[in-house]
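Each residue of the sequence shown is one higher than the last, beginning at 1201 in the numbering used here. Each remark here refers to the structure printed beneath this line.
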Amino acid sequence: MGDSRDNLFYRLRRPGELERVEEPLAEELPHPDYVRLQVAACGICGSDLAFWRGRPGADYPRTLGHEYCGTVVLCGPQASGFAAGDRVAVDLNYRCGQCEYCRTGQSNLCLSSGANRFTGRGFGRYVDLHVSYLRRLPDSLSFRHGALAEPLSCALHAMDLAHPQADDRILILGCGSLGTLLAFALSRLHPEIPLSVYDPLKVRASNLRESFGVQLLSQPPAQPQFTLIFEASGRTLGFRYAARAAAPAGRLVVLSRYDGRSSIPLPADFPRRQGRVIFSHLNGDGDTFARAMDLISAEWQARYDALLHQAPLEYAAVVLAAMNRSPFNKTILQID
């Protein structure tokens, strides 16, 4: 089980300070049910950006990156179902399979979700992790597109909670990673439903109009006209816009995290509109991951790649620092 190669990874020492670390790979895996993965691509998520900026209550130093995929290079004797050479994506959401939530189809709420059975995350060349995190990557998917599977699975879970209907009027607030993948999935799975988007960085919203034919709002929504709203801006102001835009009996599905915010304001008339607020957490019971890979394989077109920014791993700090003003909708790190 030996492997003499060195590992290179990036660790966030403190907010805004990403350090390069090189160290020898351990000769043995940490546990017999672990595998060693050579990482090929890793998407940058809003949570990575939050840690970079300084997430209240977060521990530092820490590794970053959970939207990654690569090739298995080493398997422990109890890591059944996989072998060296397998191409895999990673669903880094631990599910014990035993607690009340895992037993009732809500494993995204697993009581042991913080188990963290891995040695690091995706901002590096190699990771040792528990075999249960692996999902086999179809031959039809490149590593670049495989890195979209985890965030798309989160978007699909939000859609499952929302139950889009043919007579809905849908608005997506925020055209970053989750907003973009929501627009992709909704335009492919529900092309009959009118879909609008808003982002203060107008180039990102324009990108989605060109790719998916969505309607573009040039200003924040001011009237309660949308029956289904996905809030994916990552900002409390986005939630305020969403609540303001919800039609009577409208559904507001929140994918954003408002870490460190003591309160989230609601318009005074929101209760009288009998609106519903639904918070979507991670990717549901995990079946969404396979559905996400199938959807990318079947529906992702080459021209959609213009939405993606690919950057070498060594530019991770530069990319994180520029994310707020990036004209791209999704950034993926390439690991050599």
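Glycine included, C-beta positions come from ideal geometry on N, C-alpha and C.
| request: Could you please give the first and the last residue of the uninterrupted alpha helix (DSSP H) stretch that includes A1315? | output: Element bounds for A1315: n/a, residue is neither H nor E.
| field | Neighbour-count burial assignment, E1217, 16 or more Cβ in a 10 Å radius | value | exposed
| Using the beta-carbon count (16 or more within 10 Å), is F1209 buried or exposed? | buried
| query | Could you give the C-beta distance for K1530 and G1322, rounded to a whole number, given that I count them as a contact under 8 Å? | reply | Incorrect: roughly 14 Å between the Cβ atoms, too far for contact.
| task | Would you mind listing the beta strand (DSSP E) stretches within the region 1290 to 1336 that are 3+ residues and don't spill past its ends, in chain order? | result | 1326 to 1330, 1334 to 1336
| field | Beta-carbon proximity list for P1421, same chain, < 7 Å, skipping 5 on both sides | value | Excluding sequence neighbours, P1421 sits near L1371, Y1398, Y1441, R1444, A1445.
| said: For a quick check, are the C-beta atoms of E1267 and P1351 less than 7 Å apart? | reply: yes
| said: Under DSSP, the beta strand (DSSP E) around V1273 begins and ends at which residues? | reply: 1267 to 1275
| field | Beta-carbon separation (whole angstroms), S1387 vs G1246, contact threshold 8 Å | value | Going by Cβ atoms, the distance from S1387 to G1246 rounds to 21 Å, so no, they are not a contact pair.
| task | Apply the 10 Å Cβ neighbour rule to D1504 and answer buried if 16 or more other Cβ atoms are within range, or exposed otherwise. | result | According to the sequence shown, residue 1504 is Tyr rather than Asp. Classification of Y1504: buried, given that the 10 Å Cβ count is 16 or more.
| query | For A1283, does the three-state DSSP call read helix, strand or coil? | reply | coil
| field | Coil, strand or helix - S1586 by DSSP | value | A query on residue 1586 cannot be resolved here, the shown segment of the chain reaching from 1201 to 1536 and no further.
| query | Pick from L1212, V1414, H1363: whose alpha carbon is nearest that of P1261? | reply | The shortest C-alpha separation from P1261 is found at L1212.
| field | Nearest-angstrom Cα separation, counted from E1431 out to G1438 | value | 7 Å
| If you drop the 5 nearest sequence neighbours on each side, which residues of the same chain put their C-beta closer than 6 Å to that of V1273? | R1236, Q1238, A1284
| message | Taking the beta carbon of H1345 as the centre, do at least 16 other beta carbons fall within 10 Å, making it buried, or is it exposed? | response | buried
| query | Is the Cβ-Cβ distance between V1174 and A1506 less than 7 Å? | reply | Summary: the structure shown does not reach residue 1174, with the chain confined to residues 1201 through 1536, and so no result is reported for it.
| message | According to DSSP, simplified to helix, strand and coil, what is R1491? | response | helix
| Nearest to Q1501 (by Cα), restricted to the options G1434, S1411, Y1515 | Of G1434, S1411, Y1515, the residue nearest in Cα terms is S1411.
| Secondary structure at A1468, three-state DSSP: helix, strand or coil? | coil
| task | On a CA-only basis, which of C1310, V1453, L1452, V1288 is nearest G1297? Give me that one, please. | result | Ranking C1310, V1453, L1452, V1288 by Cα distance to G1297 puts C1310 first.
| message | Helix, strand or coil for N1207? Go by DSSP, reduced to three states. | response | strand
| said: Quick check on the burial criterion: 16 or more other C-beta atoms within 10 angstroms. Buried or exposed for V1454? | reply: V1454 is buried by the Cβ-count criterion.
| query | In angstroms, rounded to a whole number, what distance separates the CA positions of S1480 and A1358? | reply | 5 Å
| field | Buried versus exposed call for I1464 [16 or more other C-beta atoms within 10 Å across all chains shown] | value | The residue is exposed, with fewer than 16 neighbouring Cβ atoms inside 10 Å.
| task | With a 10 Å radius around its C-beta and 16 neighbouring C-beta atoms as the bar for buried, classify P1527 as buried or exposed. | result | exposed
| query | Roughly how many whole angstroms lie between the Cα atoms of N1308 and L1382? | reply | 19 Å
| field | Complete alpha helix (DSSP H) runs within the region 1482 to 1535 (minimum length 4 residues, chain order) | value | 1487 to 1499, 1516 to 1522
| task | Could you tell me the distance, in whole angstroms, from the CA atom of F1318 to the CA atom of Q1306? | result | 22 Å
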